[in-house]
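Those sequence lines, one after another, are chains R and C.
Numbering-wise (my numbering), the first sequence opens with residue 1 and increments by one.
Numbering-wise (my numbering), the second sequence opens with residue 226 and increments by one.
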Amino acid sequence: MAKGTDTEGDTAALIARLARDAAPVRAMAHPLRRAMTWAVIALAFGAAMVWAIGPRPDLAERVSDARFLLEQGAALATGVAAAIAALALTIPGAPMLLRLLPVIPAAVWVGTLSLGCLRDWAQMGAAGVRITPDPACFVYIALIGSLPALVLLMMLRRGVPLAPRWTTLLAGLAAAGIGNFALRFFHTQDAALMVLVWQVGSVAVLALLAGLAGRILLPWRARPV
Amino acid sequence: MTAPADQAKAKGAPPLEDLMQRAQAGDAGAYHRLLSEVAARMRRLVQRRAPWLKPEDVEDIVQDILLSLHQARSTWDPARPFLPWIVAIARARLADNARRYMRRMRIDLAAAELAETFCDIPTNSQAETVVNLMSVRKAMHGLTPAEKQAVELLRLREMTLAEAAEASGSTVAALKVAIHRAMLRMKGTLWKD
Numbered sequence: 001m002a003k004g005t006d007t008e009g010d011t012a013a014l015i016a017r018l019a020r021d022a023a024p025v026r027a028m029a030h031p032l033r034r035a036m037t038w039a040v041i042a043l044a045f046g047a048a049m050v051w052a053i054g055p056r057p058d059l060a061e062r063v064s065d066a067r068f069l070l071e072q073g074a075a076l077a078t079g080v081a082a083a084i085a086a087l088a089l090t091i092p093g094a095p096m097l098l099r100l101l102p103v104i105p106a107a108v109w110v111g112t113l114s115l116g117c118l119r120d121w122a123q124m125g126a127a128g129v130r131i132t133p134d135p136a137c138f139v140y141i142a143l144i145g146s147l148p149a150l151v152l153l154m155m156l157r158r159g160v161p162l163a164p165r166w167t168t169l170l171a172g173l174a175a176a177g178i179g180n181f182a183l184r185f186f187h188t189q190d191a192a193l194m195v196l197v198w199q200v201g202s203v204a205v206l207a208l209l210a211g212l213a214g215r216i217l218l219p220w221r222a223r224p225v
Numbered sequence: 226m227t228a229p230a231d232q233a234k235a236k237g238a239p240p241l242e243d244l245m246q247r248a249q250a251g252d253a254g255a256y257h258r259l260l261s262e263v264a265a266r267m268r269r270l271v272q273r274r275a276p277w278l279k280p281e282d283v284e285d286i287v288q289d290i291l292l293s294l295h296q297a298r299s300t301w302d303p304a305r306p307f308l309p310w311i312v313a314i315a316r317a318r319l320a321d322n323a324r325r326y327m328r329r330m331r332i333d334l335a336a337a338e339l340a341e342t343f344c345d346i347p348t349n350s351q352a353e354t355v356v357n358l359m360s361v362r363k364a365m366h367g368l369t370p371a372e373k374q375a376v377e378l379l380r381l382r383e384m385t386l387a388e389a390a391e392a393s394g395s396t397v398a399a400l401k402v403a404i405h406r407a408m409l410r411m412k413g414t415l416w417k418d
């Protein structure tokens, strides 16, 4: 090791300062456990929003419909898997392949809705696959996903921004996924193509926006002066 | 106990895992030893990965890694080996540094273009495409209101001197002085960044 340079002296001073200021820390819980904590908070907020807005009148009928349950299960699984992946990506040494964790539930979600489009078309013809404007979906998903997104961001900031864009993209997917999950308990829109375009589309747009803001939302902390 | 820990013990030094575990518990001495050991290893790693860096740049990255270690020390799981954890941080820090280096290069290029533009008084559209708007905005913070207005009108909105003089209620001569001073000052700021 080269010695005697001023810069190495600065490093030695930094080491001394860090060692002096080192308070005991508790090892962070496993990402899976942290994701479950987050999911409980996110679902509680989603439930509160459903209660505040008022559940859809045909909810009892819907929750006994296998297709609705499958779509909702896949949306929820996508959100939770994305949260696990996002939290894991902030742990140094975690395999980067974890970013693909939500791919399977997301494929089931989109696949189920795509099959639903075909079924709607077979049953109702062109009327079953008509797209009409429904921008409220975006607003509701963003609104319901806002608090979960904030909580998840705070949790992510305790980790390391190793892959900030991927991390916030997954966090956006997680929060918007939960937002969409809650939305369908009060929003009476079940036409598969409409759900695919306006709801899954909104989730995708929000996740992409979050991903683009990755470096801003998860910066490396500045060096103290 | 892990294999690297055994190797370290065989050499008589406490394993990094042991030091990190004690550091997490608040042992300042163990933490000091750990940081010193990590600094030496990271210095070698950075020099190997980026041999073109100047010693002070290497040391900057080493310090960034140490700070990241400090801030993220709760994310290390005592059940896992320490080295892959710190190397992941170091790799990310190196990548981040490379990005900053590239950005600095672009800013240097923009500054050089800016220096040329103040000679070509009306507009130089090529320079406008090169100059990163964000870095210009940042550099504009240090300007006086009159200089800021001159840059805004002549460089960003691409007005001619006559148009800018009319829009600002100033004179062509005053604007020429303001843009000249602003360009010199911005060039200084951009190079410094």
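Quick reminder that beta carbons are idealized off the backbone N, C-alpha and C, glycines included.
Using a Cβ cut-off of 8 Å (strictly closer), state whether Trp-166 of chain R contacts chain C.
Numbered from 1 along the first sequence, position 166 holds the residue referred to as residue 166 of chain R. With 8 Å as the cut-off, Trp-166 of chain R does not count as an interface residue toward chain C.
Kindly indicate if chain C contains any beta-carbon less than 8 Å away from that of Ala-19 of chain R.
Taking the first residue of the first sequence as 1, we reach residue 19 of chain R at position 19. Chain C contact via Cβ: present.
Under a Cβ-count criterion, where at least 16 other Cβ atoms within 10 Å of its own Cβ denotes burial, should Asn-349 of chain C be classed as buried or exposed?
Counting from 1 along the second sequence, the entry for residue 349 of chain C is found at position 124. In this prediction, Asn-349 of chain C scores a pLDDT of 45, lower than 50, which makes its location untrustworthy; no coordinate-derived value is stated.
CB-CB length for Gly-253 of chain R against Ala-182 of chain R, believed under 8 Å
The shown model of chain R, from 1 to 225, leaves out residue 253 of chain R, and the question about it has no answer.
Runs of alpha helix (DSSP H) lying entirely within the region 162-190 of chain R, each at least 4 residues, in chain order
Annotation note: the region 162-190 of chain R contains the following uninterrupted alpha helix (DSSP H) runs of length 4 or greater, listed N- to C-terminal: 164-183.
Below 8 Å on the Cβ atoms is my guess for Leu-87 of chain R versus Pro-31 of chain R; work out the distance and round it to an integer in Å.
Residue 87 of chain R sits at position 87 when you count from the first residue of the first sequence. Residue 31 of chain R sits at position 31 when you count from the first residue of the first sequence. Approximately 4 Å separates the beta-carbon atoms of Leu-87 of chain R and Pro-31 of chain R; this is inside 8 Å, confirming the contact.
Cβ pair Val-50 of chain R, Ile-141 of chain R closer than 8 Å
Working through the first sequence from its first residue, we reach residue 50 of chain R at position 50. Working through the first sequence from its first residue, we reach residue 141 of chain R at position 141. Contact: no.
Can you name the residues of chain R whose CB is closer than 7 Å to the CB of Asp-321 of chain C?
Taking the second sequence and counting its residues from 1, one reaches residue 321 of chain C at position 96. Near Asp-321 of chain C (Cβ distances below 7 Å), the residues of chain R are Trp-220.
Compare the C-beta of Val-200 of chain R with all C-beta atoms of chain C and state if any pair is closer than 8 Å.
Position 200 of the first sequence, counted from the first residue, corresponds to residue 200 of chain R. At least 8 Å separates the CB of Val-200 of chain R from every CB of chain C.
Between Gln-123 of chain R and Pro-306 of chain C, what straight-line distance do the alpha-carbon atoms span, to the nearest angstrom?
On the first sequence, residue 123 of chain R is found 123 positions in, with the first residue counted as 1. On the second sequence, residue 306 of chain C is found 81 positions in, with the first residue counted as 1. Our two residues, Gln-123 of chain R and Pro-306 of chain C, have alpha carbons roughly 58 Å apart in a direct line.
Would Ala-235 of chain C be called buried (16 or more neighbouring beta carbons within 10 Å of its own) or exposed?
By one-based count along the second sequence, residue 235 of chain C stands at place 10. Low per-residue confidence applies at Ala-235 of chain C: pLDDT is 49, beneath 50, and the placement is therefore not dependable enough to give any value.
Verify whether the separation of the beta carbon atoms of Cys-137 of chain R and Val-129 of chain R is less than 8 Å.
Mapped onto the first sequence, residue 137 of chain R falls at position 137. Mapped onto the first sequence, residue 129 of chain R falls at position 129. It is not a contact, given that the beta carbons lie outside the stated cut-off.
Take the Cβ of Leu-218 of chain R as the centre, count every other Cβ of all protein chains shown within 10 Å, and call the residue buried at 16 or more, exposed below.
Within the first sequence, the letter at position 218 stands for residue 218 of chain R. Leu-218 of chain R should be labelled buried.
Give a yes or no on whether 8 Å exceeds the smallest Cβ distance from Gly-159 of chain R to chain C.
Against the first sequence, residue 159 of chain R aligns to sequence position 159. Cβ-Cβ to chain C under 8 Å: yes for Gly-159 of chain R.
Please check if any C-beta of chain C sits within less than 8 Å of the C-beta of Gly-37 of chain R.
Here the question's residue 37 of chain R lines up with position 37 in the first sequence. Looking at the sequence shown, residue 37 of chain R is not Gly but Thr. Not one chain C Cβ lies under 8 Å of Thr-37 of chain R.
So, for Tyr-256 of chain C: in the same chain, excluding its five sequence neighbours on each side, which residues have a beta-carbon less than 7 Å away from its beta-carbon?
Along the second sequence, one-based indexing puts residue 256 of chain C at 31. Taken in chain order, the residues that qualify are Ala-248.
If we ignore side chains and look at the alpha-carbon of each, how far apart do Asp-190 of chain R and Ala-83 of chain R end up?
On the first sequence, residue 190 of chain R is found 190 positions in, with the first residue counted as 1. On the first sequence, residue 83 of chain R is found 83 positions in, with the first residue counted as 1. Going from the Cα of Asp-190 of chain R to the Cα of Ala-83 of chain R covers about 26 Å.
Taking Lys-373 of chain C as part of the alpha helix (DSSP H), name the residues at either end of that continuous run.
Indexing the second sequence from 1 puts residue 373 of chain C at position 148. It spans 370-375 - the alpha helix (DSSP H) in which Lys-373 of chain C sits, taken as one unbroken run.
Consider the Cβ of Ala-88 of chain R: report whether some Cβ of chain C lies at a distance smaller than 8 Å.
Here residue 88 of chain R refers to the residue found at position 88 when the first sequence is read from its first residue. Taking CB atoms only, Ala-88 of chain R has no neighbour in chain C less than 8 Å away.
Compile a chain-ordered list of the residues in the region 369-400 of chain C whose CB is closer than 9 Å to at least one CB of chain R.
Those residues of the region 369-400 of chain C that come within reach of chain R (Cβ to Cβ, closer than 9 Å) do not exist; the list is empty.
Strictly under 8 Å for the Cβ-Cβ distance: is Glu-353 of chain C near chain R by that measure?
Here residue 353 of chain C refers to the residue found at position 128 when the second sequence is read from its first residue. For Glu-353 of chain C, the predicted structure reports a pLDDT of 44, less than 50, and the residue's modelled location is therefore unreliable. The matter cannot be settled from this model.
Quick check: is the beta carbon of Tyr-256 of chain C nearer than 8 Å to any beta carbon in chain R?
Reading the second sequence from its first residue, position 31 is the one you call residue 256 of chain C. By this cut-off, Tyr-256 of chain C is an interface position.
Would you decide whether Leu-208 of chain R is buried or exposed? Buried here means 16 or more other CB atoms lie within 10 Å of its CB.
In the first sequence, the residue the question calls residue 208 of chain R occupies position 208. Answer is exposed; the Cβ neighbour count stays below 16.
Throw me the rounded Cβ distance for the Arg-328 of chain C and Gly-367 of chain C pair, which I believe falls under 8 Å.
Taking the second sequence and counting its residues from 1, one reaches residue 328 of chain C at position 103. Taking the second sequence and counting its residues from 1, one reaches residue 367 of chain C at position 142. Not a contact, Cβ separation roughly 19 Å.
Within chain R, the residues that Gly-251 of chain C reaches when beta carbons sit closer than 9 Å
One-based indexing of the second sequence puts residue 251 of chain C at position 26. By Cβ distance, chain R contributes Ala-22, Ala-23, Pro-24 and Val-25.
Coarse secondary structure for Trp-220 of chain R, derived from DSSP in three states
Counting from one through the first sequence, the residue named residue 220 of chain R turns up at place 220. Trp-220 of chain R falls in the coil class under three-state DSSP.
Once the 5 residues before and after Ala-297 of chain C are set aside, which same chain residues still bring their CB inside 8 Å of it?
Start at 1 with the first residue of the second sequence, and residue 297 of chain C comes out as number 72. Beyond the five residues adjoining it in sequence on each side, Ala-297 of chain C comes within less than 8 Å, by CB distance, of Ile-314 in the same chain, given in chain order.
Assuming Ile-15 of chain R and Pro-148 of chain R form a contact by the criterion Cβ under 8 Å, report the distance between their Cβ atoms to the nearest whole angstrom.
Position 15 of the first sequence holds residue 15 of chain R. Position 148 of the first sequence holds residue 148 of chain R. The pair is not a contact, with the Cβ atoms about 39 Å apart (cut-off 8 Å).
Please compile the residues from chain R whose C-beta is within a distance smaller than 7 Å of the C-beta of Asp-302 of chain C.
For the purposes of this step, residue 302 of chain C is taken as the residue at position 77 of the second sequence. Under the 7 Å cutoff, chain R gives Ala-27.
Evaluate the contact criterion for the region 22-39 of chain R versus the region 60-75 of chain R: three or more CB pairs, one atom per stretch, below 8 Å.
The region 22-39 of chain R is not in contact with the region 60-75 of chain R.
Go to Ile-53 of chain R, then tell me how far its alpha helix (DSSP H) extends in each direction, as first and last residue.
As a first step, residue 53 of chain R is located in the first sequence; it is residue number 53 there, counting from the start. Here the alpha helix (DSSP H) through Ile-53 of chain R covers 31-53.
If you check the beta carbons only, do Val-263 of chain C and Ile-286 of chain C fall under 8 Å apart?
Reading the second sequence from its first residue, position 38 is the one you call residue 263 of chain C. Reading the second sequence from its first residue, position 61 is the one you call residue 286 of chain C. Val-263 of chain C is not a Cβ neighbour of Ile-286 of chain C, given a cutoff of 8 Å.
Short check: CB of Val-200 of chain R to CB of Val-103 of chain R, under 8 Å?
As a first step, residue 200 of chain R must be located in the first sequence, where it is residue number 200. As a first step, residue 103 of chain R must be located in the first sequence, where it is residue number 103. Against a cut-off of 8 Å, the Cβ pair of Val-103 of chain R and Val-200 of chain R comes out as no contact.
Roughly how many angstroms separate the alpha carbons of Thr-78 of chain R and Ala-176 of chain R, rounded to a whole number?
Numbered from its first residue, the first sequence carries residue 78 of chain R at position 78. Numbered from its first residue, the first sequence carries residue 176 of chain R at position 176. Rounded to whole angstroms, Thr-78 of chain R to Ala-176 of chain R spans 10 Å at the Cα level.
Indicate whether Trp-220 of chain R and Ser-293 of chain C have their beta-carbon atoms separated by less than 8 Å.
Here residue 220 of chain R is taken as the residue at index 220 of the first sequence, counted from 1. Here residue 293 of chain C is taken as the residue at index 68 of the second sequence, counted from 1. Closer than 8 Å, so yes.
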